[in-house]
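Just so you know, the UniProt record's numbering puts 816 at position 816 of the sequence shown, and the rest follows in order with no gaps. The beta carbon of each residue, even a glycine, is placed where N, CA and C say it ideally should be. The structure presented is a predicted model; accordingly, all values stated were derived computationally and were not measured.
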Amino acid sequence: MNFHPSRLLGTLLVLLCLGYALGAAIGWGSPELALFMGDFGLAGAALAAALSCLLHACATGGPARPAWLLFGLSSSTVAIGNATWGWYEVVLGTRLPEDSPAEYAFLLFAPLAIIGLTVLSQRPRTAAGWLCLLLDGWLVAGSLFTLSWSLALGRVAAGEGEDPLRLALNLAYPVLDILLVSLVVGLRFRSRDGNRAAVHTAMVGLAVTVVCDALFTSPALHSGYHSGDLLDAGWFAGSVLLAWAPWASRGRFAPSREHPSVGGTPRRRVSSTFSALTPYVAAAVCTAGILYNALGGHALDRVVLASACTVGLALIVRQGVILLDNLSLTQELAQKEAHFRSLVQGSSDVIMIAGGSGVLSYVSPASIGVYGRDPEELVGGNLLNLVHPDDVDRVLREVRRLMADRPVRRDGAGEPSARVECRVRSGNDEWLHVESTVNRYRDGLILNSRDVTERVMLQAQLQHNAFHDPLTDLPNRALFTQRLRTSLSPADGYGGYAEDATVAVLFLDLDGFKAVNDSAGHQVGDELLVQAARRLQHAVRSGDTVARFGGDEFAALVRGRLGKAQVHELAERLRTALSEPYWIGGAELGVAASIGIAFAGCDPDPDADPQAAADELMRNADLAMYRAKSEGKGRVVLYHPAMRAELDRRTELEERLRVAVQEGSFTLLHQPVVDLATGAVIGVEAQARWRSAQGLLLTPAEFLRTADQGDAATRFARWMLQETVTAAAHRAGPRLVPVPVSIRLSAQRLCAPGMYEAVVAVLRETGLPAELLVIELARTGPDEHADELGRRLAALRRHGVSTAVAGFGAGGGSLGTLARLPFDALKLDRSLVQDVADSRLTRALAGHALRLARDLGLVTAAEGVDQPRQVTALQELGCRQGQGLAFAQPLDEHRLRRALLRRVYPLPKQANGLSARHSYLAADARSGGRPEPGGSRVVHHQNAPDLAERRPTHGPGWGQGGGPHSETAVPPA
Numbered sequence: 001m002n003f004h005p006s007r008l009l010g011t012l013l014v015l016l017c018l019g020y021a022l023g024a025a026i027g028w029g030s031p032e033l034a035l036f037m038g039d040f041g042l043a044g045a046a047l048a049a050a051l052s053c054l055l056h057a058c059a060t061g062g063p064a065r066p067a068w069l070l071f072g073l074s075s076s077t078v079a080i081g082n083a084t085w086g087w088y089e090v091v092l093g094t095r096l097p098e099d100s101p102a103e104y105a106f107l108l109f110a111p112l113a114i115i116g117l118t119v120l121s122q123r124p125r126t127a128a129g130w131l132c133l134l135l136d137g138w139l140v141a142g143s144l145f146t147l148s149w150s151l152a153l154g155r156v157a158a159g160e161g162e163d164p165l166r167l168a169l170n171l172a173y174p175v176l177d178i179l180l181v182s183l184v185v186g187l188r189f190r191s192r193d194g195n196r197a198a199v200h201t202a203m204v205g206l207a208v209t210v211v212c213d214a215l216f217t218s219p220a221l222h223s224g225y226h227s228g229d230l231l232d233a234g235w236f237a238g239s240v241l242l243a244w245a246p247w248a249s250r251g252r253f254a255p256s257r258e259h260p261s262v263g264g265t266p267r268r269r270v271s272s273t274f275s276a277l278t279p280y281v282a283a284a285v286c287t288a289g290i291l292y293n294a295l296g297g298h299a300l301d302r303v304v305l306a307s308a309c310t311v312g313l314a315l316i317v318r319q320g321v322i323l324l325d326n327l328s329l330t331q332e333l334a335q336k337e338a339h340f341r342s343l344v345q346g347s348s349d350v351i352m353i354a355g356g357s358g359v360l361s362y363v364s365p366a367s368i369g370v371y372g373r374d375p376e377e378l379v380g381g382n383l384l385n386l387v388h389p390d391d392v393d394r395v396l397r398e399v400r401r402l403m404a405d406r407p408v409r410r411d412g413a414g415e416p417s418a419r420v421e422c423r424v425r426s427g428n429d430e431w432l433h434v435e436s437t438v439n440r441y442r443d444g445l446i447l448n449s450r451d452v453t454e455r456v457m458l459q460a461q462l463q464h465n466a467f468h469d470p471l472t473d474l475p476n477r478a479l480f481t482q483r484l485r486t487s488l489s490p491a492d493g494y495g496g497y498a499e500d501a502t503v504a505v506l507f508l509d510l511d512g513f514k515a516v517n518d519s520a521g522h523q524v525g526d527e528l529l530v531q532a533a534r535r536l537q538h539a540v541r542s543g544d545t546v547a548r549f550g551g552d553e554f555a556a557l558v559r560g561r562l563g564k565a566q567v568h569e570l571a572e573r574l575r576t577a578l579s580e581p582y583w584i585g586g587a588e589l590g591v592a593a594s595i596g597i598a599f600a601g602c603d604p605d606p607d608a609d610p611q612a613a614a615d616e617l618m619r620n621a622d623l624a625m626y627r628a629k630s631e632g633k634g635r636v637v638l639y640h641p642a643m644r645a646e647l648d649r650r651t652e653l654e655e656r657l658r659v660a661v662q663e664g665s666f667t668l669l670h671q672p673v674v675d676l677a678t679g680a681v682i683g684v685e686a687q688a689r690w691r692s693a694q695g696l697l698l699t700p701a702e703f704l705r706t707a708d709q710g711d712a713a714t715r716f717a718r719w720m721l722q723e724t725v726t727a728a729a730h731r732a733g734p735r736l737v738p739v740p741v742s743i744r745l746s747a748q749r750l751c752a753p754g755m756y757e758a759v760v761a762v763l764r765e766t767g768l769p770a771e772l773l774v775i776e777l778a779r780t781g782p783d784e785h786a787d788e789l790g791r792r793l794a795a796l797r798r799h800g801v802s803t804a805v806a807g808f809g810a811g812g813g814s815l816g817t818l819a820r821l822p823f824d825a826l827k828l829d830r831s832l833v834q835d836v837a838d839s840r841l842t843r844a845l846a847g848h849a850l851r852l853a854r855d856l857g858l859v860t861a862a863e864g865v866d867q868p869r870q871v872t873a874l875q876e877l878g879c880r881q882g883q884g885l886a887f888a889q890p891l892d893e894h895r896l897r898r899a900l901l902r903r904v905y906p907l908p909k910q911a912n913g914l915s916a917r918h919s920y921l922a923a924d925a926r927s928g929g930r931p932e933p934g935g936s937r938v939v940h941h942q943n944a945p946d947l948a949e950r951r952p953t954h955g956p957g958w959g960q961g962g963g964p965h966s967e968t969a970v971p972p973a
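Here's what the structure looks like:
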C-alpha cells in the first residue's frame, strides 16, 4: 500500500504522542528521565510548534499570516516556560521557586493565542452580528467561569486572599484559558478550502492545551503534579498538533463543498451546527456549576450567583436578537421565493424538475406556450415519453455522463451541466426542436428548455443555400466538388471508388444564352435557366448529380458501371434536351449546348489525393467543353490529353509574348500597298516581326495566333498601335509624301476595353492626322458581337480613322454583318488571291467578292499578290489595290523610306495592253461610300509619276507560300 508523505508524517506524529503518553504513564522508568521529558520534552515540542508556525507565516501571505505569527510567539513562550522549569529541576536540581519567570512566560501564552484567534476570526458585518458575538462570548466565558469558580477558583481565591498579587496570578491563568476556550468555541474563523484543515488542527491543539491547563488548575491535580506526569502528555499532544497544523492541508485535496443536489440531501457543516448550539451548551455548563454548588452543601456564592444571572440574561437577550433576525430572514426568504417564482413562471423557457427515474415533479407554466401542453398534464409523467424515439439514446447518454461528472473546481463551484438538443412532442403531435440545459438537482435533474425549431430550420436552410444554387436549387460548385472527391476516394463507404466503376464529369455551356439575356431580359434568361435545370434533372439517372456553376454553365457527375459510349449517349441526350425550344411568356426561344466529357482514370492510385484528382478531372472537362465551343458549338467533345498539351503550349506562348513585348523583342516592318492601275505607293501595312537571338527577324506565326486571345494579346495590340502611329508620325517630312498606314486588329481586340481611347490618345500624342490611320479588321467575329463592333467602327470613323475589312473570303463572319458594319475598304484574303490566275472557280469567287465590294461602295484591295500573273488577273477583275511580293517584301524603316521616295513600282505588261483596262478601273472609282453626316468616306490615294521599271527580286525563302504571316526569314537592314 502506498502512503502519501503527509499521511506518513501524520502517522509518525500520532505514534510519537502515543509513545510520550505511554512513557508518562509508566513514569519513564526513572525519576531523572521523567523530569527531563516533563520539562525539556515539553519545551522541545513547544519550540517545534513555534518554529513551524513562524515558518508557515513567513512562507505564506494573506490575512492569516499575523495569526500564525502570534501562534508561533505563544508557543515560544511555552517553550521558554518549560525550559526555565527544566533549568531549575533538571540542571539545578531544585524545586521551581514561587514567582519564577516560568509562570510569567506561561501567562503570556493565552493573550498571544487570543489575539491570534481574533485576527483569524470572521468579523461580523452588522451591529446585530457584533451583539450576538459578544453575547456568545460571554455565555461561554461566564458559564465556564461559573463552573470553574464552583469547582476550584472559589477555593483558590479563598486560600490566597491575604496576597492580592498571588491571587491575581492564580486567577489570571485560568481566566485567560477560559477566554481562550470561549474564542475557540464561539468564534467562526476564516478558512478557505485550502487551509481549513490547518485552522481546525490549530484550534484542536489550542483546545487540548487549554483543557490541560484547566486540569492543572484543579487543586486535586495541582497538589500531586510533578514533571513527567501523565498530564504532560496532553500538553505535548497540543504542541505537536499546533506544530503539525500549518502543514495539515499539504499534499491532499481539501474536502469540496459539493452542490446540495449531490448525495440526495444537503450537507450541513459541523462548525455551523456547533456554533449554533454553543449558547445552549454554555447555559447547560452554567447550570451544572450552580447545581454542583447547591448539591455539594456549599453556601450560595455571590460570584456564582452574579455570573449565572448574567449568563441567563445574555441568553435571553440573544434569543430575542435571534427571533428578530429570524423574522427578518423569513420575510427576506419569502420575498426571494416570490421573486424567483415570478421569474420561473414568467420565463419563456420551460423549467422542469425530474426525479432519478425520470418522473416529472414540476413543470413551469411556459410549457403552454412552448409545447402547447398544460403543466399539470405533464407532472407525474416520464420525461422520456416526450422525447423522439430516435433521440432517446442520445439523451440518456448525455444524462449518464452528467451524473458521472464531478464539480470542476475544488471549492464546489463549476457544477457540471450538459446541453442536450432533441425533438419533443408538442400538444398538436408535432415534433419541436428543443435545446435544454441540464443540471443535477438532489437525486434528479433540473432542465431549462427552449424551442429552437426556427433556429434549426434556419441553420438547415443556410446549409442548403451554402451548397445549392439559389436560382435553380441545383447543387453548386462546392457540393459538386465534394461529391466528386467522395466518388474518387477509396471504396470505404457510399460513393467510394469501386471496381469496374466509371466516374465521368460533364461540363455544359448554353450557346446563345447571352443573346437571349440581352434581347429578352434577365428575368426571361433566369426562367430559361430554371427550365434547363429541370430538363437536366429529368435526363440524368437518379444517382447522378447535376449542378450549376454560375451563369449558363452546368455540370453533371456520372457514377456507375457505364462504358464511355453510354456516357457519350447520355451527353447527347442532355444536349438534345437543352436544345429543344423554350416557351417563356408566350415566346419561343432557342439555345444550344456545348458539352465536354472527362473520365477518371481506370486504375486510380489509392494514395492519390482525391482533392487534386477532382480538380484535375474538372479542368479536363472544362477544356473539352471549350473545345466543343471552338469547333462550332452545339456538340459533345471527349477530353484528350492533347488538349492539355495544347493549353500548356498556349500558356507558354502567351508568357513568351508578354516577355517579348516587355523586353522589346518585337519590331515593326511595313509592306507597301500599290495602286494596281498606276503602280503608285498609296499606303503601307504594319506587320510585327520577332527578333531572334541570332539577330534574324522572323514572322511569329505562333505568336500572332496566340495574340488573338488573352490579356497578353491586348498588350501586344496596344504596343503595335503605339509603335505604328509613332513611326508614321516620325516618318512625315518635306521629302516624303505622307501615305496612310494600316494596322490589323481582330474584332475581339478592337472591342477590348480602352482600345478606342488608346487609338485617340496615341493620335493626339504623336500628332498624326487621323485620316492617315487605317484600322483593318482581321475577322468580324460572331454575329452577336456585330452591334458592339459597329459602334466601335463608327466611333473611329467619326474621329477620322478609316476602316477596312481584311482577309475577306476566309474565316467566319456573314455577309449580313458585312453590310451592317461601317467599312471603307475590303481586302481579299491571300487564299483567294493565290489561285486567282490558275483556277476558274477561284477567279469567279474573287470576282463576285470584288463586285460585292463595289456595290457596297468599298475600295477593293488584295493581299498576298506575289506573282505578276496574279497582278494581271486582279487588274482584269477590277481590283484597285494590292500588296505582296510582286511589288515589295515587308521593309524595315530605312528601306521603306527609299520606297516612298521612289513612289512607284513597275506593273507587269499585259498582252492586250494596260490602256484597255484604264476605263474599267476608272469606273470602279468610289462614288460615295457609306452615307454619313458630313459626306462620304474614301480611302486616300496618293498619285505619283511613273518611275523606271523595277522587277521584284525574290531571295531565299520567298516562294509562293510566303506572306506576312509565314515563318520566313527577313535579313536585317
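Inter-residue Cα distance where the pair is residue i and residue j
{"i": "R902", "j": "I775", "result": "25 angstroms"}
{"i": "S746", "j": "G857", "result": "23 angstroms"}
{"i": "D349", "j": "L458", "result": "20 angstroms"}
{"i": "A243", "j": "L51", "result": "8 angstroms"}
{"i": "R897", "j": "R649", "result": "38 angstroms"}
{"i": "L818", "j": "G560", "result": "50 angstroms"}
{"i": "V399", "j": "D405", "result": "10 angstroms"}
{"i": "R425", "j": "T502", "result": "46 angstroms"}
{"i": "P610", "j": "V546", "result": "20 angstroms"}
{"i": "R619", "j": "Y639", "result": "10 angstroms"}
{"i": "C53", "j": "P246", "result": "6 angstroms"}
Per DSSP, cross-strand counterpart(s) of residue i
{"i": "E32", "result": "DSSP lists no partner for E32."}
{"i": "K827", "result": "A861"}
{"i": "Y225", "result": "Answer is none; Y225 lacks a bridge partner."}
{"i": "F340", "result": "In the DSSP output, where bridge partners are listed per residue, F340 has none listed."}
{"i": "S449", "result": "V350 and S436"}
Cβ separation of residue i and residue j, assumed to be a contact under 8 angstroms, to the nearest whole Å
{"i": "A729", "j": "L768", "result": "4 angstroms"}
{"i": "L815", "j": "L793", "result": "About 17 angstroms separates the two Cβ atoms, so there is no contact after all."}
{"i": "A732", "j": "P738", "result": "5 angstroms"}
{"i": "S742", "j": "A642", "result": "Wrong, their Cβ atoms sit about 37 angstroms apart, outside the cutoff."}
{"i": "L676", "j": "R880", "result": "6 angstroms"}
{"i": "R442", "j": "A418", "result": "The Cβ separation is near 17 angstroms, so there is no contact."}
{"i": "D213", "j": "A24", "result": "Contact doesn't hold; Cβ gap of about 17 angstroms is too wide."}
{"i": "L589", "j": "Y582", "result": "5 angstroms"}
Segment contact, 8 angstroms Cβ cut-off, at least three pairs: the stretch 648-665 with the stretch 857-872: no
Stretch pair the stretch 7-18 + the stretch 195-210: three plus CB contacts closer than 8 angstroms: no
Secondary structure, alpha helix (DSSP H): runs of 4+ residues fully inside the stretch 20-86: 31-36, 42-59 and 65-86
Any 3 or more C-beta pairs closer than 8 angstroms across the stretch 387-400 and the stretch 361-375: no
Segment contact flag, the stretch 518-535 with the stretch 439-458, C-beta cutoff 8 angstroms, min 3 pairs: no
Contact between the stretch 633-644 and the stretch 588-601 (3+ Cβ pairs under 8 angstroms): yes
The stretch 58-77 contacting the stretch 31-43, beta-carbon criterion three pairs below 8 angstroms: no
Any 3 or more C-beta pairs closer than 8 angstroms across the stretch 503-510 and the stretch 565-574: yes
Cβ contact (3+ pairs, closer than 8 angstroms) linking the stretch 41-59 and the stretch 221-240: yes
Segments assigned beta strand (DSSP E), at least 3 residues, entirely inside the stretch 568-627: 582-584, 587-589 and 592-599
Meets three-Cβ-pair contact criterion under 8 angstroms: the stretch 623-633 and the stretch 530-546: no
Inter-stretch contact (C-beta, 8 angstroms, three-pair minimum) for the stretch 473-486 and the stretch 437-452: no
Sequence ranges, alpha helix (DSSP H) only - wholly within the stretch 326-408, length at least 4: 367-370, 375-378 and 392-404
Touching by the beta-carbon criterion (3+ pairs, under 8 angstroms), the stretch 672-686 and the stretch 881-888: yes
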